[in-house]
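Residue numbers (the working numbering): 871 to 1370.
Next comes the structure, spelled out in structure tokens:
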């Protein structure tokens, strides 16, 4: 077996002497596409000649994956299938693997196999529930009585619950089985000697046992009964696993058939790990990982399927770092050994007056595309970039949380809310065209709360006079009713990680 060879393309990384310019004048909106979109279009255009098959697009988060796939869709690439159920994109609802697989036509053999294994799975599941219910009631009088009868221990059963009816005799029993069991275990002499062994107690007369021995015998019956139920449950669990595996095998064949029909397969790093068995059978040759800077190396290694021939990692080691769940390794730990899990990726295309801040300090080998200089000015703002300095203190933090980074500043919340209101009043910016970034979760919460409670219904004085002169009323066909929307629903607010 020959070793697998990978061609790694570190797209977006800072290269010392080499620069790549991607242009696409035929894009839908006459603007150059983003780097991953341009790369994918080149690969797809040459897909037939190169026989590369489906291209696997991997992102760390569901939001990033939705965004990438939506951009592809708007660029005319609609042969997309998404794996995973955590998507929030309305556009991608109909290209989810589960939904597409349900709608695909199945053969009679597949239908029969799915019905057989599905029925088996359901039946075993019901038996497991019944077994669990029996385990919960293993110490009840009904369960103990049934156990004694099944074991042929009629002597103790008759002594506790009453003798069974015989010819010419009347059955003697307590009205309440629980009461009869409690009465028997509570009776008997109260001695302080150690109880005799279980084997000895089973051979004694039920009414000759001491109170301690009766309770020991009762707990032994419950334990033996529980052991039977546990043994049964373990057997049922094995049957359940087998039925589930058989059903999933049928579903994987259907999923495999679906995936082979699409040109782009989108999945998160977590979804990829869960679907490894399926993706190994798709014969994927090209993998593109977006925002690879925030993906751990272990996740990248998991994504390296045996069939891969070309791996494209798009990310910036100077931008978004991977999220480390272990607090000891996290940068939030002030006493931890910071091994700098720092990979940064700056996503955005900025006017040269803004990008100069990073080009002159960190990205000295990057160049601005020519079209960036044509960005229009921000309506209502004199400059594209300005610094705002103030001396207003932060809100008092919780004294019980000395290491908390949950900082807030009410003055900044007021200032940002007022600025957003000012931009909205210009009447030229649509939904999601305004973004507010903050490094602190507490500040993010306050901003969202403030913006969500701020309703904007803007009508200038001149327009108000014209409406009054014309005698128009809000809600008529001539002047439709103004929709009230909170500012929190009209712009993006997000916490951003701070660089180190």
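Don't be surprised by glycine CBs; every beta carbon is placed ideally from N, CA and C.
Under the criterion of beta carbons closer than 8 angstroms, residue 950 and residue 943 qualify as touching, at roughly 6 angstroms. In this structure the segment 1111 to 1130 does not lie against the segment 902 to 921, because fewer than three pairs of beta carbons, one per stretch, are closer than 8 angstroms. Beta-bridge pairing by DSSP links residue 1136 to 927, 952.
Spanning the alpha carbons of residue 1108 and residue 904 requires a straight line of approximately 50 angstroms.
By a beta-carbon distance limit of 8 angstroms, residue 1261 does not contact residue 1312. Their separation comes to about 20 angstroms. If you look at residue 1126, you'll find it isn't in any beta strand (DSSP E); it sits in the alpha helix (DSSP H) that goes 1081 to 1129. Straight through space, the alpha carbons of residue 939 and residue 956 are spaced by roughly 14 angstroms. Only residues of its own chain outside the window of five on either side were considered, and among them 1277, 1278, 1279 have a CB closer than 7 angstroms to the CB of residue 1264, listed in chain order. According to DSSP, residue 1001 shares a beta bridge with no other residue. For residue 1174, DSSP records no beta bridge to any residue. In this structure, 1250 is the residue among 1141, 1250, 1135 with its C-alpha nearest to the C-alpha of residue 1297. Of the candidates 1303, 916, 1149, 1173, 1173 places its Cα closest to the Cα of residue 1159.
Taking one beta carbon from each stretch, the segment 957 to 971 and the segment 1121 to 1138 have 3 or more pairs nearer than 8 angstroms; the two touch. Pairing residue 930 with residue 1181 gives a Cβ-Cβ distance that is not under 8 angstroms. Taken through DSSP and simplified to helix, strand or coil, residue 1159 comes out as strand. Shortest Cα-Cα distance from residue 1054 to any of 1080, 1063, 1066, 1072 involves 1080. The straight-line gap separating the alpha-carbon atoms of residue 1167 and residue 1236 is approximately 26 angstroms. DSSP places residue 1180 within a strand segment (E or B) once states are collapsed to three.
Taking one beta carbon from each stretch, the segment 1002 to 1022 and the segment 1083 to 1095 have 3 or more pairs nearer than 8 angstroms; the two touch. The C-alpha of residue 914 lies about 42 angstroms from the C-alpha of residue 1322.
The secondary-structure analysis by DSSP pairs residue 1069 with nothing; it has no beta-bridge partner. In the structure shown, the three-state DSSP call for residue 1048 is helix. Under the DSSP assignment, residue 1075 falls outside any alpha helix (DSSP H); it carries neither an H nor an E label. Residue 966 is bridged by DSSP to 952.
Excluding residues up to 5 positions away in sequence, 1011, 1014, 1030 lie with their Cβ nearer than 7 angstroms to the Cβ of residue 1051 in the same chain. Rounded to the nearest whole angstrom, the CA to CA distance from residue 1177 to residue 1234 is 37 angstroms.
With fewer than 16 other Cβ atoms from the protein chains shown falling within 10 Å of its own Cβ, residue 1256 counts as exposed.
In its chain, beyond the 5 residues on either side, 1139 have a beta carbon closer than 6 angstroms to the beta carbon of residue 1169. Between the alpha carbons of residue 1185 and residue 998 lies a distance of about 48 angstroms. For residue 1220, the three-state secondary structure derived from DSSP is coil. By the neighbour-count definition (other C-beta atoms within 10 Å, threshold 16), residue 1026 is a buried residue.
When secondary structure is reduced to three states using DSSP, residue 1257 falls in the coil class, being assigned neither helix nor strand. By a beta-carbon distance limit of 8 angstroms, residue 1221 contacts residue 1245. Their separation comes to about 5 angstroms. Distance between residue 1047 and residue 1087, taken at the CA atoms: about 17 angstroms.
Closest in C-alpha terms to residue 1238, from the list 1006, 1219, 1254, comes 1219. Excluding five sequence positions before and after residue 1077, the CB atoms of its chain that fall closer than 7 angstroms to its own CB belong to 1029, given in chain order.
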